[in-house]
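In this note's numbering, the protein residues as written are 197 to 945.
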């Protein structure tokens, strides 16, 4: 996340003239717009209401913020939505089977009755009331729990007999398996907490049915056993970064010692997970990382994310969650154990997961979050092709696991490569890798809606127009951009209020264009930072551009007030909140980076406040309801759904015309700084594939059987793992890009 970005315009007047797709910066390319313009009563851009999330859905019937509807005539379609009822003052709907007006009429015009008749009627009334009470309980439970549970079981059995439970089974006696706002949640260690979700969401977890997808994050978000309508429903997400793929500036939570700070001043400072692993191994053992996995993110974080009105999480996963080779010092396989917990927790609270492969062999960008700072050895240099072969194997292994029917409704998006250095690799070479990865994933998952995850490709820091239709009719492909404003070489000391409309100016219309031309468009990362202030934000012991201690330019300001969040006044918080909301509205489908920043061991507090969603939520500079952001940009050209059918897995999905991707052949003819591929080290598919293990569940009922899958969705996918060929010579996967390839590569070559 230390990319150099172009200067940021502070107002509309500062914007250069650009085409529909070309952003002022090739790195600040925008994401989506779809649901339309909402009336904004907080700006001067008021316009007549058009189709939007507020006027084209159930929410339009319950919108207490729309004065045009009037509280006295508002129809309430969701009687369970007590939050909206309390906010608007509208009388909720009558209980099921009952009418207040009819009851009042009968009471007013009741004829005289005898005592016996009154007694009989009283008994009948009590019986009817009891039946109504039973109906009022049974009907909601049926639609909220039993029907989704049945649908989930039917789906599993249809998809190959992987039903998690025996038909007709029941949960253990007295077990609480679902609840909404104010309910008590029991975690796997037996401890409890109160679930807070004022948005009509409810959790669901049954030990005897662990693959039930009946949970819903919010009333306006599709439950996991329903189809998420991309292009209409917004992806309101947050990253869970720094957890399974560590980054120096994110530290850890206050529950554990800080990871990087103790080694910052040593002869071998921990500047990335490679050097952190070496330091930990020499000072108590690398297994200390598991304490970080256990404490930094817990089940309660997932519950709080749903309660914050968010419906998606993007989780960074490194390749060493699968395996390590050639003396790589990373802690192997354990991160996968905790990703399985993330799937369980996301399922429990109705959240969907965008799994992002954040670090690959050789490093895709040379930044610390790729595993090792410095060299770019993926699709670059003498081991660039071999490292790419290995990465494709890891993509295949992950795709086979998450495409199983037990997991595909939770892990619904797969970001196959985080922030590759496209300028170094070249568009054609990166495109070739993307096409090959697409083919591998669709072989693992199948083609069409519900047959595996959306495939998210990062733009490689190019304009997104370069990627339009690069796989014609490709099945469910999303384009990902990371529009940070903090990393410009030219920093600004202007107050945060100056940036009030900047995200709207540079993102809004271009996002709409991308939704129409490419399809699902997301901002996989963005933050509240308008400068690069934050301890270790650019890297350990590197400094900041803002203070002139990193980069070629002199200082422009002091970072102290930008980091002293405990003393920010109401105006400062309000302006940051506005910046967050216009960013959300301009980006439309987004993932804030990141949910949590841990405390510094030196100061005991967060040292990068602009990057923590939770800190802002707790202290007043993030919206309590992300829907507050809708319409804040006043976009006059909103995206109008629907997406094209093939973009959503419908008609034509996967019908890629023969020859249409020939300009992206795999393998490519040449590798940057390496030369012809046929003269570089290459692996052969002769190894045994390390299938990812599924979680283990033990049913509490002796009649229950739980099928967690085999870890492999497509049994026809039988190719071996790419491994070194006996007798051939290979370099270190992390060798410098300017190293010479071995000569000869193999005997007789």
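Where is the CB? At the ideal position from N, CA and C, for every residue including glycine. All values derive from a computational prediction rather than experimental measurement.
(request) With a floor of 3 residues, list each beta strand (DSSP E) that falls wholly inside the stretch 692-725, ordered by position along the chain. (result) 717-722
(request) Report yes if the CB atom of residue 562 is closer than 8 Å to the CB atom of residue 599, and no otherwise. (result) As a first step, residue 562 must be located in the chain shown, where it is residue number 366. As a first step, residue 599 must be located in the chain shown, where it is residue number 403. Going by C-beta atoms, residue 562 is not nearer than 8 Å to residue 599.
(message) On the criterion of 16 or more Cβ atoms from any shown chain inside 10 Å, does residue 930 qualify as buried, or is it exposed?
(response) By 1-based counting over the chain shown, the position of residue 930 is 734. Burial call: buried.
(request) For residue 475, name the three-state secondary structure that DSSP assigns. (result) Taking the first residue of the chain shown as position 1, residue 475 is located at position 279. Residue state, collapsed to three classes: helix.
(message) Please give me, in chain order, every unbroken run of the beta strand (DSSP E) with length at least 3 that falls completely inside the stretch 775-804.
(response) 786-788
(request) Could you say if the stretch 588-608 and the stretch 836-844 meet the contact criterion of at least three C-beta pairs nearer than 8 Å? (result) no
(message) What does the alpha-carbon distance come out to for the pair residue 507 and residue 877?
(response) Along the chain shown, one-based indexing puts residue 507 at 311. Along the chain shown, one-based indexing puts residue 877 at 681. Whole-angstrom Cα-Cα distance: 44 Å.
(message) Just list the residues that DSSP pairs residue 381 with in beta bridges.
(response) Sequence index remark: in the chain shown, residue 381 carries index 185 (1-based). Per DSSP, 389.
(request) Work out the CA separation of residue 643 and residue 881 for me, nearest whole Å. (result) Mapped onto the chain shown, residue 881 falls at position 685. Mapped onto the chain shown, residue 643 falls at position 447. So the alpha carbons of these two residues sit roughly 25 Å apart.
(request) Report buried or exposed for residue 586, applying the criterion of at least 16 other Cβ atoms within 10 angstroms of its Cβ. (result) The residue given as residue 586 occupies position 390 in the chain shown. The residue is buried, with at least 16 neighbouring Cβ atoms inside 10 Å.
(request) Return the chain-ordered ranges of every beta strand (DSSP E) run that is complete within the stretch 500-536 and spans a minimum of 3 residues. (result) 508-514
(message) Quick check on DSSP: helix, strand or coil for residue 431?
(response) Residue mapping note: residue 431 aligns to position 235 of the chain shown, counting from 1. Reduced to three states, the DSSP call for residue 431 is coil.
(request) Could you say which of 396, 742, 456 lies nearest to residue 564 if we only look at CA atoms? (result) The count along the chain shown starts at 1 and reaches residue 564 at position 368. Ranking 396, 742, 456 by Cα distance to residue 564 puts 456 first.
(message) Just to confirm the assignment, what range does the beta strand (DSSP E) spanning residue 834 have?
(response) In the chain shown, residue 834 corresponds to position 638, counting from 1. Where residue 834 is concerned, there is no enclosing beta strand (DSSP E), given that its DSSP letter is neither H nor E.
(request) Determine the extent of the alpha helix (DSSP H) in which residue 620 is found, giving its start and end residues. (result) Start at 1 with the first residue of the chain shown, and residue 620 comes out as number 424. Element bounds for residue 620: 618-621.
(message) Give me the DSSP bridge partner(s) of residue 660.
(response) The residue labelled residue 660 in the question sits at position 464 within the chain shown. None, per the DSSP bridge assignment.
(message) Between which residues of its own chain and residue 426 is the CB-CB distance below 7 Å, once the five residues before and five after are set aside?
(response) Translated into the one-based positions of the chain shown, residue 426 becomes position 230. Contacts found: 716, 839, 844.
(message) Need the endpoints of the alpha helix (DSSP H) that residue 608 sits in, please.
(response) Reading the chain shown from its first residue, position 412 is the one you call residue 608. Not the alpha helix (DSSP H): residue 608 falls in the beta strand (DSSP E), residues 607-611.
(request) Can you tell me which of 853, 938, 933 puts its alpha carbon nearest to the alpha carbon of residue 923? (result) Counted from its first residue, the chain shown places residue 923 at position 727. Out of 853, 938, 933, 938 has the C-alpha closest to the C-alpha of residue 923.
(request) Using alpha carbons as the reference points, say which of 780, 872, 625, 718 lies closest to residue 857. (result) Working through the chain shown from its first residue, we reach residue 857 at position 661. Residue 625 is the option with its Cα nearest to residue 857.
(request) Could you spell out the range, first to last residue, of the beta strand (DSSP E) harbouring residue 815? (result) On the chain shown, position 619 is the one that residue 815 refers to. Run containing residue 815: none in the beta strand (DSSP E); it sits in the alpha helix (DSSP H), 809-815.
(message) For residue 700, count the other beta carbons within 10 Å of its own beta carbon; 16 or more makes it buried, fewer makes it exposed. Which is it?
(response) Along the chain shown, one-based indexing puts residue 700 at 504. That one is buried.
(message) For residue 400 and residue 666, which I take to be in contact (beta-carbon distance under 8 Å), what is that distance rounded to the nearest angstrom?
(response) As a working mapping, residue 400 is identified with position 204 in the chain shown. As a working mapping, residue 666 is identified with position 470 in the chain shown. That pair is no contact at about 39 Å.
(request) Apply the 10 Å Cβ neighbour rule to residue 946 and answer buried if 16 or more other Cβ atoms are within range, or exposed otherwise. (result) As shown, the chain starts at 197 and ends at 945. That puts residue 946 outside it, with no answer to give.
(message) Which same chain residues end up closer than 8 Å to residue 884 when comparing Cβ atoms and leaving out the 5 residues on each side of it in sequence?
(response) Within the chain shown, residue 884 is the residue found at index 688, counting from 1. Here the set comprises 916, 917.
(request) Taking only the alpha-carbon atoms, compute the straight-line gap between residue 514 and residue 890 and give it to the nearest angstrom. (result) Position 318 of the chain shown holds residue 514. Position 694 of the chain shown holds residue 890. If you take the alpha carbons of residue 514 and residue 890, they lie about 18 Å apart.
(request) Label residue 144 either buried or exposed according to how many other C-beta atoms from any shown protein chain fall within 10 Å of its C-beta, with 16 as the threshold for buried. (result) Residue 144 is absent from the model: the chain starts at 197 and stops at 945.
(request) Quick one: measure Cβ to Cβ for residue 747 and residue 685, integer angstroms, because I've assumed they're closer than 8 Å. (result) Numbered from its first residue, the chain shown carries residue 747 at position 551. Numbered from its first residue, the chain shown carries residue 685 at position 489. That belief holds up - the Cβ atoms of residue 747 and residue 685 are roughly 6 Å apart, short of 8 Å.
(request) Return the chain-ordered list of same chain residues with a C-beta closer than 6 Å to the C-beta of residue 760, the five sequence neighbours on each side being excluded. (result) In the chain shown, residue 760 corresponds to position 564, counting from 1. So no residue of the chain qualifies.
(request) Pick helix, strand or coil for residue 401, following the three-state DSSP scheme. (result) Looking up residue 401 in the chain shown gives position 205. In the structure shown, residue 401 sits in coil (DSSP, three-state: anything other than H, G, I, E or B).
(request) Report the residue from 645, 509, 529, 870 whose alpha carbon sits nearest the alpha carbon of residue 516. (result) Indexing the chain shown from 1 puts residue 516 at position 320. Checked all of 645, 509, 529, 870; the closest Cα to residue 516 is 529.
(request) Quick one: residues in its chain with C-beta nearer than 6 Å to the C-beta of residue 821, no 5 flanking neighbours on either side, listed in chain order? (result) In the chain shown, the residue the question calls residue 821 occupies position 625. Excluding residues within five positions, the ones whose Cβ falls inside 6 Å are 505.
(request) Give the DSSP-derived three-state secondary structure of residue 572 in the structure shown. (result) Translated into positions along the chain shown, residue 572 becomes position 376. Three-state DSSP puts residue 572 in coil, outside helix and strand.
(message) At the level of alpha carbons, what is the spacing between residue 927 and residue 578?
(response) Along the chain shown, one-based indexing puts residue 927 at 731. Along the chain shown, one-based indexing puts residue 578 at 382. Approximately 8 Å between the Cα atoms of the pair.
(message) Starting from residue 643, trace the alpha helix (DSSP H) in both directions and tell me its first and last residue.
(response) In the chain shown, residue 643 corresponds to position 447, counting from 1. That residue, residue 643, is in no alpha helix (DSSP H); it is neither H nor E in DSSP.
(request) Identify every residue that forms a DSSP beta bridge with residue 426. (result) Taking the first residue of the chain shown as position 1, residue 426 is located at position 230. Per DSSP, 429.
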